[in-house]
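Notes to accompany the following structure.
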Amino acid sequence: MVKIITVEKSISAEKDCGIVNVTETIEEELNKTGLREGQVLIFTVGSTSGVSTIEYEPNLVKDFKEIIEDIIPKNRSYHHDYTWHDANGFSHLRSTFIKTSLVVPFKEGRLLLGTWQQIVIINFDNHRRQRRYILQFIGKD
Amino acid sequence: MVKIITVEKSISAEKDCGIVNVTETIEEELNKTGLREGQVLIFTVGSTSGVSTIEYEPNLVKDFKEIIEDIIPKNRSYHHDYTWHDANGFSHLRSTFIKTSLVVPFKEGRLLLGTWQQIVIINFDNHRRQRRYILQFIGKD
Amino acid sequence: MVKIITVEKSISAEKDCGIVNVTETIEEELNKTGLREGQVLIFTVGSTSGVSTIEYEPNLVKDFKEIIEDIIPKNRSYHHDYTWHDANGFSHLRSTFIKTSLVVPFKEGRLLLGTWQQIVIINFDNHRRQRRYILQFIGKD
Chain P
1175 MVKIITVEKS
1185 ISAEKDCGIV
1195 NVTETIEEEL
1205 NKTGLREGQV
1215 LIFTVGSTSG
1225 VSTIEYEPNL
1235 VKDFKEIIED
1245 IIPKNRSYHH
1255 DYTWHDANGF
1265 SHLRSTFIKT
1275 SLVVPFKEGR
1285 LLLGTWQQIV
1295 IINFDNHRRQ
1305 RRYILQFIGK
1315 D
Chain F
1175 MVKIITVEKS
1185 ISAEKDCGIV
1195 NVTETIEEEL
1205 NKTGLREGQV
1215 LIFTVGSTSG
1225 VSTIEYEPNL
1235 VKDFKEIIED
1245 IIPKNRSYHH
1255 DYTWHDANGF
1265 SHLRSTFIKT
1275 SLVVPFKEGR
1285 LLLGTWQQIV
1295 IINFDNHRRQ
1305 RRYILQFIGK
1315 D
Chain B
1175 MVKIITVEKS
1185 ISAEKDCGIV
1195 NVTETIEEEL
1205 NKTGLREGQV
1215 LIFTVGSTSG
1225 VSTIEYEPNL
1235 VKDFKEIIED
1245 IIPKNRSYHH
1255 DYTWHDANGF
1265 SHLRSTFIKT
1275 SLVVPFKEGR
1285 LLLGTWQQIV
1295 IINFDNHRRQ
1305 RRYILQFIGK
1315 D
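Protein chains in written order, with our numbering: chain P, 1175 to 1315; chain F, 1175 to 1315; chain B, 1175 to 1315.
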């Protein structure tokens, strides 16, 4: 019998690509559900954050911050900065590219990730933020 | 008891990054299903469109069009343009990057979006198009 | 009655953006499940691969390899290359951008793809690899 369980979580994340590894938190929440086979949707609430997978080690985290600065630079004039004068046009655009949604399967009660594949939430905003995210499990026991 | 409901919709979208806010349409369709907790898959049919979230306001929409033109330029020669001679290689590449699929959770009958986070469908093609998209709800009442 | 069926598959893929069209394989696996309406999650295991949709024809595949080389270049120094000395920092970053997860709906036993829209798995690593991926079907018959 298939069940749906929704959990709301939050984390504190640094500004300008603060990357938080939430893999263990998700595994703990998965254990609490008792579900054995299914999938978890990770969804970050808001328009200046994102979710993806990465090998979570300090050098690669540094690389990610540098490459996204090349692709969608912070120090450039964006029209959006004239809408609210909060200077975070780049944060919004990064979010639209990386997107705020990710679905990961699990089986036998374990996430089907690679050894070096961690799930991360990224705060693209230009100030430290408490970021809310949703975990929604669909599965059977 | 978990249900699955599939709805097909379409919108008319401008060429070269016509961005359409479909959030209200999805909320209406969610209301019709009567489901209270679950998720909606938004999937755009075709290889020159995409779906993501954005703060839907005119200046940021303009920024998105400009930054994607920097990342995957329209005015550049693509091999694909020699396959069908329809000059939309850039449209396809933009679609592969932004992707045609997004999953958004809902609870108590409401999408769990941030206040400034809207769901948008983007037409990357080089002419105005009617774009078909699928809404698939999985949830319980 | 909603069912969940998880299948593990693997493919051999060339290095540096080896792109494999897995659409037919997914259709075959869908047929085996007997499910008529629902969705399939495609998830690539590992931190140097990705999954998306593309019009799978040789010229566009070439374009994809060239544009991603412009966006996240191979021949550039990455901090990650000093962590393991395997020179694949670019592979990881490409994976974090394209992401390892995609959800596609089906109805009447058929994937709701466009005519020119194929599902592909991409090996971003710098050597030929056997790549594992998960197909997880949620649906009803």
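Ideal Cβ placement from N, Cα and C applies to all residues, glycine included.
Straight-line measurement puts the Cα of residue 1193 of chain F at about 11 Å from the Cα of residue 1227 of chain F. Of all alpha-carbon atoms in B:1310, B:1260, B:1309, B:1298, the one lying nearest the alpha-carbon of residue 1221 of chain B is that of B:1298. Less than 8 Å separates the beta-carbon of residue 1288 of chain B from that of residue 1219 of chain F. When the Cα atoms are used, residue 1200 of chain B and residue 1276 of chain B turn out to be separated by approximately 13 Å.
When secondary structure is reduced to three states using DSSP, residue 1309 of chain P falls in the strand class.
In this structure, the straight-line span from the alpha carbon of residue 1187 of chain F to that of residue 1229 of chain F is close to 18 Å. The shortest C-alpha to C-alpha distance from residue 1260 of chain F to any of B:1191, B:1175, B:1234, B:1308 is the one to B:1234. Within the same chain, and ignoring the five residues on either side of residue 1301 of chain B in sequence, the residues whose Cβ sits closer than 7 Å to its Cβ are 1189. Contacts between residue 1291 of chain F and chain P, judged by CB atoms closer than 8 Å, involve 1219, 1220, 1221, 1274 in chain order. Scanning chain F for C-beta atoms nearer than 7 Å to the C-beta of residue 1279 of chain B yields 1180, 1215, 1217, 1308, 1310, reported in chain order. Residues of chain B whose Cβ lies closer than 8 Å to the Cβ of residue 1237 of chain P are, in chain order, 1252, 1253, 1254, 1263, 1266, 1267. With respect to the C-alpha of residue 1252 of chain P, the residue from P:1266, P:1241, P:1286 having the closest C-alpha is P:1266. Closest in alpha carbon position to residue 1311 of chain P, among P:1215, P:1175, P:1231, is P:1215.
Residue 1265 of chain F: member of the alpha helix (DSSP H) spanning 1263-1272, first to last residue. Against chain B, the beta carbon of residue 1313 of chain P has neighbours under 7 Å at 1178, listed in chain order.
Bounds of any alpha helix (DSSP H) do not take in residue 1189 of chain F, whose DSSP letter is neither H nor E.
Distance from residue 1204 of chain P to residue 1283 of chain P at the Cβ level is roughly 7 Å; contact confirmed, criterion being Cβ atoms closer than 8 Å. Put simply, the CB of residue 1197 of chain P is far from chain B, with every gap to its CB atoms at 8 Å or more. Around the beta carbon of residue 1250 of chain P, a 10 Å sphere encloses fewer than 16 other beta carbons of the protein chains shown; the residue is thus reported as exposed. Put simply, the CB of residue 1257 of chain B is near chain P, with a gap under 8 Å to one of its CB atoms. Just so you know, the alpha carbons of residue 1217 of chain F and residue 1256 of chain P end up roughly 32 Å apart. Contact check for residue 1209 of chain P against residue 1183 of chain P fails: the beta carbons are separated by 8 Å or more.
For residue 1233 of chain F, the neighbours in chain P by C-beta distance under 7 Å run, in chain order, 1253, 1254, 1256, 1257.
The bridge partners DSSP lists for residue 1225 of chain P are P:1295.
Residue 1197 of chain P and residue 1304 of chain P do not touch by the CB rule: their CB atoms are close to 20 Å apart, not below 8 Å. Cβ contact annotation for residue 1212 of chain P (same chain, cutoff 7 Å, sequence separation greater than five): 1280, 1311, 1312, 1313, 1314, in chain order.
With at least 16 other beta carbons inside 10 angstroms of its own, residue 1237 of chain B counts as buried. Short of 6 Å from the beta carbon of residue 1239 of chain F, and not among the five residues preceding or following it, lie these beta carbons of its own chain, in chain order: 1191. Each residue's CA atom was taken as its position, placing residue 1185 of chain P and residue 1306 of chain P some 7 Å apart. Taking 8 Å as the threshold, the shortest C-beta distance from residue 1193 of chain P to chain F does not fall below it. Taking the CA atoms as reference points, residue 1295 of chain B sits about 24 Å from residue 1309 of chain F. At least 8 Å separates the CB of residue 1270 of chain B from every CB of chain F. At a Cβ-Cβ threshold of 8 Å, residue 1224 of chain B and residue 1272 of chain B count as neighbours. Contacts with chain P at 8 Å (Cβ-Cβ) do not include residue 1296 of chain B. Taking 8 Å as the cut-off, the Cβ atoms of residue 1241 of chain B and residue 1268 of chain B do not count as close. Residue 1278 of chain B has its alpha-carbon roughly 7 Å from the corresponding atom of residue 1286 of chain B.
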